[in-house]
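Colleague:
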Amino acid sequence: MKSNERQEINTLLQEIDGLLSAPFRFMEVCGTHTVAIFRTGLRSLFSDKLKHVSGPGCPVCVTHPAEIALGMDLAEQKDVVLTIFGDMMRVPDHRGMTLKELRAKGAKIEICYSPLDSLKIAIENPDKEVVFWGIGFETTVPTVGATIVQAQKMGIENFSVLSCHKLVPPALRFLVTSKDIEIHGFLLPGHVSTVIGVKPYEFLAKEFNIPAVISGFEAIDILQAIYLMIKMDIGGNVRILNQYTRAVKAEGNKRAQEIISEVFRPHDGLWRGIGTIEGSGLEISDKYSKFDAKKRFDLKFQDVKEPKGCRCGEVLQGKISPDKCPLFGKKCTPLSPVGPCMVSTEGSCAAFYKYGLGSND
Amino acid sequence: MDTILLDHGSGGLASQRLIKEIFVKHLSNQILDSLDDAAYLELNGKISFSTDTYTIDPIFFPGGDIGSLCVSGTVNDIAMLGAIPRYLSCGFIIEEGMDFDDLEKIVESMANTAKKAGIYIVTGDTKVVPRGSVDRIFINTSGVGEVIMDTPLSGSSACPGDVVIVSGTIGDHGLTIFSTRKGISMDFDLKSDCAPLNKLILELITRIPQIHVLRDPTRGGLATTLNEIALQSNVGIEVKEEDIPIKPGIKEGCDILGLDPLYLANEGKFICILPKEYSTNALNILQKDELGKDAKIIGQVVDSPKGKVILETPIGGRRLLSMLEGEHLPRIC
Ligand code: SF4
């Protein structure tokens, strides 16, 4: 079985190489893909003509410094228990401060695996304000939405969500309309697509003539997707294809989509290194506004900067490869990260540091 | 007497009883039984000396407990220099209220492991601290052994062209501790590999004195230990992922829990690096022993990239196998 896979991979690599007469740059926009491409060693097998670029696919990394500042603010409020996904703990804010340090100073911060854990904490601590810090893409939003609906049903009064959720398709539109970003094809995220399906990506092919393939996470999935992408690019029949049919339905997950539109509404999202992208964020709809931590605590965005010297913004747009950041591997390592891309295990800088043998650019 | 009280660490009568009824009862040997302030030892030649403190949580786990661990851990460290471990000391810090029977079980397990390893526990100390000052029990063991190699083995002696052998499956101890702590049960016989390796090592080094490096991949796992050797020896190490022995259950368990077996602690395995011409012989010696039956050649030492470990993946790709950084699992030993 294993030697078969190796054989298949070799054949595909040869075929891809045979197809390419000029360099082909593909971008993935999913942290799991980033890690898979490095971890399986696939990246080392790409020829010079096939360039892999990581995009804004790591949820922790794309969270804007101004959003981080809001979370830090909340953590410092006396009666608040801030509940978060573990990776957020070590993200430095604009002052270089982290939630981990705030916790050591007495702030109440709990790590959750699901927003439901957070709701449970709220039920168990009625005298505390429990806030769930919602980050991530379409993949995590439905469970956050379902938790809010649940809280409403149960009449929970001390639970709210700081929604910093982001949507993938508007970010893709931003990338393809940016003049200084060169991408020939997209490897589309498997998990996000299980929720949203194929349709939201169609503009890539129709309006921009860029091929894109929804892909699974095994080396062979990724390589097949790349092969399909290049085939379309050369053949001229540019569409959105679904390589990951074993998990992704064309129409996505209707139930999850309903929850998203029941509880949230699109607004202008803030992305690290990019700024505002129209319609790329999610805020809590009026019906559930009492669960909106921004309103509940009257939180306002401040004008804050990226950590000094950190080039995450450019890394996230695929403009530079992580090892081109002067701090990479020197001042910035997973043990003492300067920017979020080195904190999250799914961050490009962390993947580069952990698995990388050198630049593929 | 069913729980340990502060009195038991006071040095008075209660301490005396604890020493007699638990420590001397199980660990008895001529040197310890003299109960003097220090142990009087006879040793020959060059000495290997090591110390470690064990704070593992949970203290009882499938395949062992803090007692077997604190003896085999230090015995193994002493042996890795190419030495015969001889004597161990032990220092206990016990939380007031600990179950007397639990302590006895631990000391019994220390005695059994010492017997297996053929070493003596010759001196010790017990402190009892108020509730909450430690988590049940911490144990320090220190020990000495006689180096039998002309030059002691060292992590800095790996040479390009050498072969890298691992003495058995990896990840067993780390995953056992992690899943026991989290209360997750696996559907296979998951247990720690915790064992004293000194007898197997003695056989190996007496029959193949040409060995360059012996190291036990404990905290930080195989990946971290290989990196340490690569740095110390200023060489590169290439490892084939497919050749690294890992039990299928461990692989699956790690996938589910998001752990990487290459970074999980081992307590009954070692890495052996030696010139290629001796590798078949070494494998034969290892595989004949229960503790080395899954031994395999996993890679080789190369000239460059210096200080780095490169992993060849099952699909034939190459990537860095880096040192454990950040995601350390606490209190694994
Ligand atoms: S290496 Fe560190 S400082 Fe540089 S872009 Fe990445 S996270 Fe930011």
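Chains as they are written, first to last, in this note's numbering: chain A, 169 to 529; chain W, 1387 to 1719.
C-beta: ideal position from N, C-alpha, C; glycine also.
In this text, all values refer to a predicted model and were calculated from it rather than measured experimentally.
Got a sec: is the Cβ-Cβ distance from residue 1634 of chain W to anything in chain A below 8 Å?
Modeller: No, its Cβ sits nowhere closer than 8 Å to a Cβ of chain A.
Colleague: So, with DSSP's three-state summary, where would you put residue 307 of chain A?
Modeller: Coil, per DSSP.
Colleague: Just verifying my parser: in three-state terms, what is the DSSP assignment at residue 1696 of chain W?
Modeller: Strand, per DSSP.
Colleague: What do you get for residue 1601 of chain W, buried or exposed, if any count of 16 or more other CB atoms within 10 angstroms of its CB means buried?
Modeller: Flag for residue 1601 of chain W reads buried.
Colleague: From which residue to which residue does the alpha helix (DSSP H) around residue 1586 of chain W run?
Modeller: From DSSP, the alpha helix (DSSP H) with residue 1586 of chain W extends over 1584 to 1593.
Colleague: Is the CB-CB distance between residue 1481 of chain W and residue 1519 of chain W below 8 Å?
Modeller: Going by C-beta atoms, residue 1481 of chain W is nearer than 8 Å to residue 1519 of chain W.
Colleague: So residue 1599 of chain W and residue 1659 of chain W are supposed to be a Cβ contact under 8 Å. How far apart are they, rounded?
Modeller: Right, the Cβ-Cβ distance comes to about 4 Å (below 8 Å), so this counts as a contact.
Colleague: Quick check: does the Cβ of residue 505 of chain A come within less than 7 Å of any heavy atom belonging to the ligand SF4?
Modeller: Residue 505 of chain A: yes, Cβ under 7 Å from the ligand SF4.
Colleague: Does the ligand SF4 have a heavy atom nearer than 7 Å to the CB of residue 478 of chain A?
Modeller: Yes.
Colleague: I'd like to confirm something about residue 483 of chain A: is its beta-carbon nearer than 7 Å to some heavy atom of the ligand SF4, or not?
Modeller: Because some heavy atom of the ligand SF4 lies under 7 Å away, the Cβ of residue 483 of chain A counts as near it: yes.
Colleague: Name, going along the chain, the residues of the segment 205 to 217 of chain A whose beta-carbon falls closer than 8 Å to a beta-carbon of chain W.
Modeller: From the segment 205 to 217 of chain A, only 206, 207, 208, 209, 210, 211, 212 and 213 have a Cβ closer than 8 Å to chain W.
Colleague: Does the beta carbon of residue 322 of chain A fall short of 7 Å from some heavy atom of the ligand SAM?
Modeller: Ligands displayed in this structure: the ligand SF4; the ligand SAM is not among them.
Colleague: Nearest CA to the CA of residue 383 of chain A: which residue from A:187, A:204 and A:239?
Modeller: Residue A:204 is the option with its Cα nearest to residue 383 of chain A.
Colleague: Can you name, in chain order, every residue of its own chain whose Cβ lies under 6 Å from the Cβ of residue 1703 of chain W, other than the five neighbours on each side?
Modeller: Nothing meets the Cβ criterion.
Colleague: Under 7 Å from any heavy atom of the ligand SF4, does the C-beta of residue 206 of chain A make it?
Modeller: Answer for residue 206 of chain A: no, Cβ out of range of the ligand SF4.
Colleague: Compute every distance between the C-beta of residue 1706 of chain W and the non-hydrogen atoms of the ligand SF4, then say whether any falls below 7 Å.
Modeller: No, the Cβ of residue 1706 of chain W stays beyond 7 Å of every heavy atom of the ligand SF4.
Colleague: Establish whether the CB of residue 199 of chain A and some CB of chain W are separated by less than 8 Å.
Modeller: By this cut-off, residue 199 of chain A is not an interface position.
Colleague: Going straight from the alpha carbon of residue 1505 of chain W to that of residue 1470 of chain W, what length do you get?
Modeller: Distance between the alpha carbons of residue 1505 of chain W and residue 1470 of chain W is about 9 Å.
Colleague: Answer yes or no: do residue 201 of chain A and residue 388 of chain A have a C-beta to C-beta separation smaller than 8 Å?
Modeller: Going by C-beta atoms, residue 201 of chain A is not nearer than 8 Å to residue 388 of chain A.
Colleague: Taking a contact to mean a Cβ-Cβ separation below 8 Å, would you say residue 438 of chain A touches residue 232 of chain A in this structure?
Modeller: Yes, these two residues count as a Cβ contact at 8 Å.
Colleague: Taking the alpha helix (DSSP H) that residue 425 of chain A belongs to, which residues open and close that run?
Modeller: From DSSP, the alpha helix (DSSP H) with residue 425 of chain A extends over 422 to 431.
Colleague: In terms of residues, what are the limits of the alpha helix (DSSP H) holding residue 514 of chain A?
Modeller: No alpha helix (DSSP H) contains residue 514 of chain A, which DSSP labels as neither H nor E.
Colleague: So, is residue 1473 of chain W buried or exposed, given that buried needs 16 or more other C-beta atoms within 10 angstroms?
Modeller: The residue in question, residue 1473 of chain W, is buried, as its Cβ has 16 or more Cβ neighbours within 10 Å.
Colleague: Please classify residue 1524 of chain W as buried or exposed, where buried requires at least 16 neighbouring CB atoms within 10 angstroms.
Modeller: Residue 1524 of chain W is buried by the Cβ-count criterion.
Colleague: If residue 1538 of chain W and residue 1432 of chain W are in contact, beta carbons under 8 Å, what's the gap, nearest whole angstrom?
Modeller: That belief holds up - the Cβ atoms of residue 1538 of chain W and residue 1432 of chain W are roughly 7 Å apart, short of 8 Å.
Colleague: When we look at the beta-carbon of residue 297 of chain A and count the other beta-carbons within 10 Å, is it buried (16 or more) or exposed?
Modeller: Residue 297 of chain A comes out buried.
Colleague: Which ranges would you report for the beta strand (DSSP E) in the segment 1410 to 1464 of chain W if only whole runs of at least 3 residues count?
Modeller: Listed in chain order, the complete beta strand (DSSP E) runs (minimum 3 residues) inside the segment 1410 to 1464 of chain W are 1433 to 1440.
Colleague: Can you check which of these residues, A:460, A:525 and A:223, is closest to residue 433 of chain A by C-alpha distance?
Modeller: That would be A:460, whose Cα lies nearest to the Cα of residue 433 of chain A.
Colleague: So, is residue 1627 of chain W buried or exposed, given that buried needs 16 or more other C-beta atoms within 10 angstroms?
Modeller: Under this definition residue 1627 of chain W is a buried residue.
Colleague: Nearest-angstrom Cα distance between residue 237 of chain A and residue 393 of chain A?
Modeller: Going by the C-alpha atoms only, they are around 38 Å apart.
Colleague: Tell me which same chain residues have a C-beta within less than 8 Å of the C-beta of residue 349 of chain A, skipping the five on either side of it?
Modeller: Closer than 8 Å at the Cβ level, and outside the excluded window around residue 349 of chain A, lie 343, 485, 486 and 487.
Colleague: Let me see if you follow: with CB-CB separation under 8 Å, is residue 279 of chain A close to chain W or not?
Modeller: Residue 279 of chain A does not count as touching chain W.
Colleague: What are the start and end residues of the alpha helix (DSSP H) that includes residue 1666 of chain W?
Modeller: Segment 1665 to 1674, the alpha helix (DSSP H) holding residue 1666 of chain W.
Colleague: Tell me whether the beta-carbon of residue 226 of chain A lies closer than 8 Å to the beta-carbon of residue 477 of chain A.
Modeller: No. Outside cutoff.
Colleague: Can you find the residues in the same chain that come closer than 6 Å, C-beta to C-beta, to residue 169 of chain A, ignoring five residues on each side of it along the sequence?
Modeller: In this prediction, residue 169 of chain A has a pLDDT of 48, which is less than 50 and means its spatial position is unreliable; what the coordinates show is noted afterwards. Here the set comprises nothing.
Colleague: In three-state terms, what does DSSP make of residue 414 of chain A?
Modeller: In the structure shown, residue 414 of chain A sits in coil (DSSP, three-state: anything other than H, G, I, E or B).
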